[in-house]
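Throughout the sequence shown, residue numbering follows our numbering, covering 2 to 141 in sequence. From the three backbone atoms N, C-alpha and C, an ideal C-beta is built for every residue, glycine too.
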Amino acid sequence: MAQANLPTRTTRWGVLAFAALALLVAGCKDQSSSPAPVSAASPAGSSSAPATDQWLGKWDGPEGTFLQLAGGNGRYDVTIQNLDGPRTFPGQAAGDRIEFERNGVKESLRATNGADTGMKWLSERSNCLTVRAGEGYCRD
Numbered sequence: 002m003a004q005a006n007l008p009t010r011t012t013r014w015g016v017l018a019f020a021a022l023a024l025l026v027a028g029c030k031d032q033s034s035s036p037a038p039v040s041a042a043s044p045a046g047s048s049s050a051p052a053t054d055q056w057l058g059k060w061d062g063p064e065g066t067f068l069q070l071a072g073g074n075g076r077y078d079v080t081i082q083n084l085d086g087p088r089t090f091p092g093q094a095a096g097d098r099i100e101f102e103r104n105g106v107k108e109s110l111r112a113t114n115g116a117d118t119g120m121k122w123l124s125e126r127s128n129c130l131t132v133r134a135g136e137g138y139c140r141d
């Protein structure tokens with residue numbers, strides 16, 4: 002009779018472990034699947050750093066390209082690696098965007114999803130930054 006209870010206990014623990022793992026995975030996915038809010042107010046007690054500071058770090062594009070954001074507090078070094086190599090431009094927060102000048106043209110980074118980058122390689126992604134249609138970088 003003790004043997005008959007063993008599969009029930011094992012099954013019960015297996016179901017509980019599976020449910021806990023599923024909740025953990027779902028929680029992680031929800032946090033990383035949406036772009037950082039770009040116009041939300043800072044939480045009480047925190048510094049007044051712009052929401053664009055949440056974009057700091059590396060964002061990947063297709064074929065080895067990437068965007069690297071360094072700095073903070075509204076002032077950034079925007080490094081773009083394309084097929085010609087990396088170039089760095091000074092940038093600054095402008096509301097829900099980061100503005101910078103490249104080759105005499107005023108550009109801006111904005112939060113988008115992969116489809117809004119206009120790039121088929123990124124179309125399934127959800128947490129991206131786009132300079133213009135055909136130039137985007139994603140994290141997820």
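CA-to-CA distance, residue j to residue i, given in whole angstroms
i, j, result
"residue 127", "residue 112", "10 Å"
"residue 121", "residue 140", "15 Å"
"residue 63", "residue 75", "27 Å"
"residue 137", "residue 123", "8 Å"
"residue 69", "residue 49", "22 Å"
"residue 60", "residue 105", "24 Å"
"residue 57", "residue 90", "14 Å"
"residue 108", "residue 94", "12 Å"
"residue 119", "residue 125", "11 Å"
"residue 65", "residue 86", "10 Å"
Extent of the continuous beta strand (DSSP E) run through residue i
i, result
"residue 63", "No beta strand (DSSP E) contains residue 63, which DSSP labels as neither H nor E."
"residue 94", "86-95"
"residue 125", "Careful: residue 125 lies outside any beta strand (DSSP E) and carries neither H nor E."
"residue 109", "106-113"
"residue 78", "76-83"
"residue 98", "98-103"
"residue 135", "Note, residue 135: premise wrong, no beta strand (DSSP E); not H, not E."
Pick from the options that is closest to residue i, judged by C-alpha positions
i, options, result
"residue 79", "65, 98 and 64", "98"
"residue 117", "103, 110, 134 and 105", "134"
"residue 77", "108, 137 and 92", "92"
"residue 103", "96, 88, 114 and 94", "88"
"residue 54", "123, 106 and 72", "72"
"residue 52", "69, 68, 96 and 86", "96"
"residue 114", "50, 132, 105 and 106", "132"
Distance CB(residue i)-CB(residue j) smaller than 8 Å
i, j, result
"residue 130", "residue 110", "yes"
"residue 101", "residue 82", "no"
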